[in-house]
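J.:
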Amino acid sequence: MKIAVLASGRGSNFESIAKAVKSGKISGEIAVLIVDRKNIGAIERAEKLGVNWIYVDPYGYSSREDYDRKIVSILKHLQVDLVCLAGYMRIVSEVFIESFPNKIMNIHPALLPSFPGLKPHEKAIKYGVKVTGATVHFVDNGIDTGSIIVQAVVPVSPQDTSSSLSQKVLELEHRIYPQAVKWFVDGRIEIKGRSVIVKNANY
Ligand code: GRF
Numbered sequence: 001m002k003i004a005v006l007a008s009g010r011g012s013n014f015e016s017i018a019k020a021v022k023s024g025k026i027s028g029e030i031a032v033l034i035v036d037r038k039n040i041g042a043i044e045r046a047e048k049l050g051v052n053w054i055y056v057d058p059y060g061y062s063s064r065e066d067y068d069r070k071i072v073s074i075l076k077h078l079q080v081d082l083v084c085l086a087g088y089m090r091i092v093s094e095v096f097i098e099s100f101p102n103k104i105m106n107i108h109p110a111l112l113p114s115f116p117g118l119k120p121h122e123k124a125i126k127y128g129v130k131v132t133g134a135t136v137h138f139v140d141n142g143i144d145t146g147s148i149i150v151q152a153v154v155p156v157s158p159q160d161t162s163s164s165l166s167q168k169v170l171e172l173e174h175r176i177y178p179q180a181v182k183w184f185v186d187g188r189i190e191i192k193g194r195s196v197i198v199k200n201a202n203y
C-alpha cells in the first residue's frame, strides 16, 4: 500500500506516520511527501527519514484546480493508494477529492464537529469546553466536515493556554493518525453512509 503525505509546516504528524511505517507497524510505504512551501520542518524530517519529497509551487498555477491536477498527476504516477493531509494549509478542490474518493484523510486538532477551521485551540478555550481532542476524518468538500474515523480526548484545565493545549492535543494526534492509517492499510475501514466502521477496533 502506497501512502502520500501532504504538509505545509512543521511536519510532526508526517513524522509520526513515517516512523510507524518504518518500524513496520503500518505495512506500507511512504511514496512521497508533497509540500506547498519551502524551508519547512516537514522537509527536514523527510530528509532525515529518507523519504522522497516534492515541492509543488502554488504560484506556478492559475487556479486551485490546476494546482490540484498537478498534485493528482504526481500521486497517480506514483500509484498512491492513500493520501494523508498533515498540517496541509490548503483547501483541496473537488478535482482532488473525486480522484481519490474516500482515500484522503485529514487530522484536525479538535473534537469535530466542534471548532473546525483555523485556531481551534483558541476557540475551545474561549468557548470554555472542559474537554477537547483530535479527530482523523476523511476529506469531503467542506472544511473539516468529512466522515470521522477516530477521535481522542483530553481535559482542558483552567490554566490551559492555546499553546499548552496544542501540545497536549499533539500527543493525541501522533497516536491516532498512525492508528487510522494502519486501519486503512489493513483493510479494516468500512464506510456506511456518513459512518465509518472499523472492524474489530479495540478502542
Ligand atoms: C496539527 O495540529 C494538525 O492537526 C493541524 O496542524 C498541525 C500540524 O502540525 N492540522 P504538524 O505540521 O504535523 O507538526
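In this text, residue positions in the sequence shown follow full-length UniProt numbering: the first is 1, and each later residue adds one.
Glycine residues also receive a C-beta, built at the ideal position from the N, C-alpha and C atoms.
Only a predicted model underlies this, so the values are computations on that prediction, with no experimental measurement involved.
1) Looking at C-alpha atoms only, which residue of Leu49, Val83, Val156 and Lys126 is the closest neighbour of Val139?
2) Can you name the start and end residues of the alpha helix (DSSP H) that Gly41 belongs to?
3) In whole angstroms, what is the alpha-carbon distance linking Ala46 and Asp68?
4) Since Phe138 is in the beta strand (DSSP E), which residue starts that stretch and which ends it?
5) Could you tell me the distance, in whole angstroms, from the CA atom of Ser12 to the CA atom of Leu172?
6) With distances taken from CA atoms, which of Val56, Ile176, Gly146 and Gly187 is nearest Gly133?
7) By how many angstroms is the C-alpha of Val32 removed from the C-alpha of Asn52?
8) What do you get for Ala124, buried or exposed, if any count of 16 or more other CB atoms within 10 angstroms of its CB means buried?
9) What is the DSSP secondary structure of Gln79, counted as helix, strand or coil?
10) Assuming Met105 and Leu75 make a contact with CB atoms under 8 Å, what is their CB distance in whole Å?
11) Is the CB-CB distance between Met1 and Glu29 below 9 Å?
12) On the three-state DSSP scale, how would you describe Tyr177?
13) Following a CB-centred definition, is Asn13 positioned closer than 8 Å to any heavy atom of ligand 1?
14) How do the stretch 12-26 and the stretch 176-189 stand: do at least 3 beta-carbon pairs fall below 8 Å, yes or no?
15) Verify the contact flag: Ile148, CB atom, against every heavy atom of ligand 1, threshold strictly below 8 Å.
16) Pick from Ile34, Val196 and Ile91: whose alpha carbon is nearest that of Gly142?
17) Going by other Cβ atoms of all chains shown within 10 Å of its Cβ, with 16 needed for buried, is Ala201 buried or exposed?
18) For residue 206, I'd like the list of residues in its chain whose CB is within less than 6 Å of its CB, leaving aside the five on either flank, ordered along the chain.
T.: Inspection of the coordinates gives the following:
1) Among Leu49, Val83, Val156 and Lys126, the Cα nearest to that of Val139 is on Val83.
2) Counting along the chain, Gly41 sits inside the alpha helix (DSSP H) bounded by residues Gly41 to Leu49.
3) Straight-line measurement puts the Cα of Asp68 at about 22 Å from the Cα of Ala46.
4) In the DSSP assignment, Phe138 falls within the unbroken beta strand (DSSP E) covering Val131 to Phe138.
5) If I take the Cα positions, the gap works out to 12 Å.
6) In this structure, Ile176 is the residue among Val56, Ile176, Gly146 and Gly187 with its C-alpha nearest to the C-alpha of Gly133.
7) About 5 Å.
8) The residue in question, Ala124, is buried, as its Cβ has 16 or more Cβ neighbours within 10 Å.
9) Residue state, collapsed to three classes: coil.
10) About 14 Å separates the two Cβ atoms, so there is no contact after all.
11) Contact flag set, yes.
12) Looking at Tyr177 - three-state DSSP - the assignment turns out to be helix.
13) Yes.
14) Taking one beta carbon from each stretch, the stretch 12-26 and the stretch 176-189 have 3 or more pairs nearer than 8 Å; the two touch.
15) Ile148: no, Cβ never under 8 Å from ligand 1.
16) Comparing Cα-Cα distances from Gly142 to each of Ile34, Val196 and Ile91, the minimum goes to Ile91.
17) Under this definition Ala201 is an exposed residue.
18) Nothing can be reported for residue 206: it is not among the residues displayed for the chain, which extend from 1 to 203.
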